[in-house]
Amino acid sequence: MNKKELAKYIDQTDLTPGEPYDKITEFCKDAAENGFASVCILPTLVKTAAAALKGTDTKVCTVVSFPLGMDYPEIKEIETKEAIENGAEEIDMVMNVGALKGGDYDIVNDELARVSKACHDKGVLLKLIIETTLLTDEQIVKACELAEANGVDIVKTSTGFKKMLPRSTSVEDVQLIRAHIKPETGLKAAGGIRTTEDALKMIEAGATRIGASSGKDIVDGLAE
Amino acid sequence: MTVTKGDVERLIDASIGAAPAPTMDQVKEFVTKTLDYNFAMTLTEPFYIKPNAEILHAAGKKLCTVISYPLGSYTHEAKLAQLKQALADGADECDIAMDVSAFKSGQYDKVKEDLKPCVELMGDKVCKLLYFASLLTEDEQKRAIEMAIDLGFPMLKTNPGFGFSTTVDQVKLAHDFAGDKIGIMVSGGVRTKDDAIAFVEAGVSRIATSAAFQIMADFDK
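This is the structure:
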C-alpha cells in the first residue's frame, strides 16, 4: 500500500467541542490536500466543512446522537435529516448502547430503520457506532446482526470518547466484527488509533476505514 | 457560617455518572435510590425520562435532563425536537448546551437565535445554560453569562463534566459578574464534601454531581 492508498482509508477526525469555524475550514482544506476519505466533525460544523470541501473528493462526515447515543429513534432521525440538509455525505450514528445491553432490540431496530432510510433516500452513507469497548462479545455480534438487518453500510467500533470508555479499540474487536458482517459491509476502526502501525494492523484485521485525529501522522509514517 | 449536609443536599442535581450507557433498569435503580434524599433534582439522559419521571413524580420529586449534551453539538431542529420530547415526557428542568463552536467563532447572534425558542418552550420551568466555562476566556465567560441573562435563563451550568472540571475561580467570576441576576450551577469535578462546600461558599445555587451519594456519606463520617 502506498501513501495515497492509505489516505483513502482515513476519516480525518476532530470532534473536540468548541472548535471555531476558521479552524475547521483549515482542517478540511488540509484533509482534502492529503486525500483523506472524509472529514469527521460535529453536526454544528457541517455547513462550514461542506463549504470548505466543495469540489474535492473528501467527503463531509458527521456524527449523530454523539457521543452518548441516548436519544429516541425519532430524535436521531431528525438530527440525521438536518445534517444531510446541511451538507453531510456520511453519518456516523451512535447506537443506543444501553438499549442493546438491556436487550431492548426493538429500539435499536427502530432507530436503525429510521436513520438508514433517511440516509439512503439521499444517497448518504450510514455508519453505526456500536461502542465495542462497552459490550460483551455476544452483544457485539448482536449489534452486527441488527446493523446488517437494517442496511448499515459500515459498522464502526467506537466513538473514541475517551472520558467515557475503558480502553481503545483493539484488533480483536475488529476481527470479531469482521467475522459477523457481510464481506461487502464496511468496517471503521476508531478509538485510540494514532500510528501507522496501529492503522495497518486494523486494516489487516478487516477494517475498511480508519477514524483518527492524526491522519497525517499515520500516512506520513508509511515507508515509501 | 457552617455549610451543613442539608444545605448541600438541597442543592444537588444527582446524575448516575460512573456507568456509561446504562440500561433502563440501571437508571431506574439509580433514580429509586435518589428518592431517599432531598436532592433538588435527579438527572437522566433524554431516552430515560418518561418512566423515571413517573417514579420521581409519584414521590414528589423532580427530574432534570440535558439537551445537546455533552458537547453542545446538536443542530437547531434536533435540539428543539429533543427539548419538546423531554418536556412531553415529564422533565421538570432542562440543562441546555449552547452552540459553543458558533460562540467561539464570534457568532453571538446565531447562538442566541438557536437558544431563544428553547427558553420560550420552557415556560415557567427552570432551564440552565451550559456555557462551557472551561473552553472560554474570562471575557467570553462574561459575554456568555450576559447572553444567558438577556435570554431569560434563570440559571447557568458551568461545564458538562466528562473531564471538563469547574474551578472555584470560574464560579467566583460568574458570581461577581452577575450578582443575583442568575443562579449558578457548578458542574464538572465536584466529587467530595470539601468540593461541594468550597463551591457553596463561592456562591453556587446548585451542584451537579455524579458523586451525590458519596458526598452525602462524607458528611456522616
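Chains as they are written, first to last, in this note's numbering: chain A, 1 to 224; chain B, 225 to 445. Virtual Cβ for every residue (Gly too), placed ideally from N, Cα, C.
Can you tell me whether Val152/A is helix, strand or coil according to DSSP?
Residue state, collapsed to three classes: coil.
Please state whether DSSP places Glu233/B in a helix, a strand or coil.
In this structure, Glu233/B counts as helix in the three-state DSSP scheme.
Taking the beta carbon of Gln438/B as the centre, do at least 16 other beta carbons fall within 10 Å, making it buried, or is it exposed?
Classification of Gln438/B: exposed, given that the 10 Å Cβ count is below 16.
Name the residues in the region 287-299 of chain B whose C-beta lies less than 8 Å from a C-beta of chain A; which are they?
Cβ contacts with chain A come from Tyr293, Pro294, Leu295, Gly296, Ser297, Tyr298 and Thr299.
Assuming Phe36/A contacts Thr58/A (C-beta within less than 8 Å), just tell me the rounded distance between them.
Right, the Cβ-Cβ distance comes to about 5 Å (below 8 Å), so this counts as a contact.
By the criterion of Cβ-Cβ separation under 7 Å, what are the contact partners of Lys101/A in chain B?
Under the 7 Å cutoff, chain B gives Ala245 and Thr247.
Helix or strand or just coil, what does DSSP make of Val414/B?
Coil at Val414/B, not helix or strand.
Residues of chain A with a CB under 7 Å from the CB of Gly387/B: which are they?
The answer, in chain order, is Lys163.
With Glu89/A and Val60/A assumed to form a contact (beta carbons below 8 Å), what rounded beta-carbon distance in angstroms separates them?
At roughly 5 Å, the Cβ-Cβ gap stays under 8 Å, so Glu89/A and Val60/A are in contact.
Anything in chain A within Cβ reach of Tyr272/B, meaning under 9 Å, just list it in chain order.
The contacting residues are Met70 and Gly98.
Cα-Cα, which of Val64/A, Gln175/A, Val46/A and Ser158/A is closest to Gly87/A?
The candidate whose alpha carbon is nearest that of Gly87/A is Val46/A.
Among residues of its own chain, excluding the 5 on either side of Val324/B, which ones have a beta-carbon nearer than 7 Å to its beta-carbon?
Around Val324/B: Gly296, Phe356 and Leu359.
Locate the beta strand (DSSP E) running through Ile431/B, then write down its first and last residues.
Arg430 to Thr433 is the extent of the beta strand (DSSP E) around Ile431/B.
For a quick check, are the C-beta atoms of Gly407/B and Met379/B less than 8 Å apart?
Yes.
When the Cα of Gly330/B is compared with those of Phe254/B, Arg367/B and Asn262/B, which residue comes out closest?
Ranking Phe254/B, Arg367/B and Asn262/B by Cα distance to Gly330/B puts Arg367/B first.
Could you please tell me which residues of the region 307-327 of chain B, in chain order, have their CB closer than 7 Å to any CB of chain A?
Listed by position along the chain: Gln309, Asp323, Val324, Ser325 and Ala326.
Out of curiosity, what's the CA-to-CA distance linking Cys318/B and Ile373/B?
The straight-line gap from Cα to Cα measures roughly 16 Å.
Going along the chain, which residues of its own chain have a beta-carbon closer than 6 Å to the beta-carbon of Phe27/A, five neighbours each way excluded?
So the list reads Asp14, once near-sequence residues are dropped.
What three-state label does DSSP hand Val124/A in the structure shown?
In this structure, Val124/A counts as coil in the three-state DSSP scheme.
Using alpha carbons as the reference points, say which of Thr169/A, Gln12/A, Ile91/A and Gly98/A lies closest to Leu68/A.
Measuring from the Cα of Leu68/A, the nearest candidate turns out to be Gly98/A.
Which residues in the same chain have their Cβ closer than 7 Å to the Cβ of Leu471/B, if we skip the five residues on either side of it in sequence?
In this structure chain B extends from 225 to 445, so residue 471/B is not present and cannot be described.
For the region 193-210 of chain A and the region 393-413 of chain B, state whether three or more C-beta atom pairs, one from each stretch, are separated by less than 8 Å.
No: fewer than three Cβ pairs fall under 8 Å.
Tell me which residue opens and which closes the alpha helix (DSSP H) that Arg367/B is part of.
Here the alpha helix (DSSP H) through Arg367/B covers Glu362 to Leu375.
With distances taken between CB atoms, is the gap from Gly192/A to Ser168/A smaller than 8 Å?
It is a contact, given that the beta carbons lie within the stated cut-off.
Are the C-beta atoms of Phe356/B and some chain A residue less than 8 Å apart?
True, the Cβ-Cβ gap to chain A drops below 8 Å.
Alpha carbons only, please: which of Phe327/B, Lys352/B and Ile421/B is nearest the one belonging to Asp442/B?
Per the Cα distances, Ile421/B.
With DSSP as the reference, please indicate the residues paired to Ile210/A in a beta bridge.
According to DSSP, which records beta bridges pairwise, Ile210/A is partnered with Ile10/A and Ala189/A.
May I ask which residues mark the beginning and end of the beta strand (DSSP E) holding Glu317/B?
First-last of the beta strand (DSSP E) with Glu317/B: Glu317 to Ala321.
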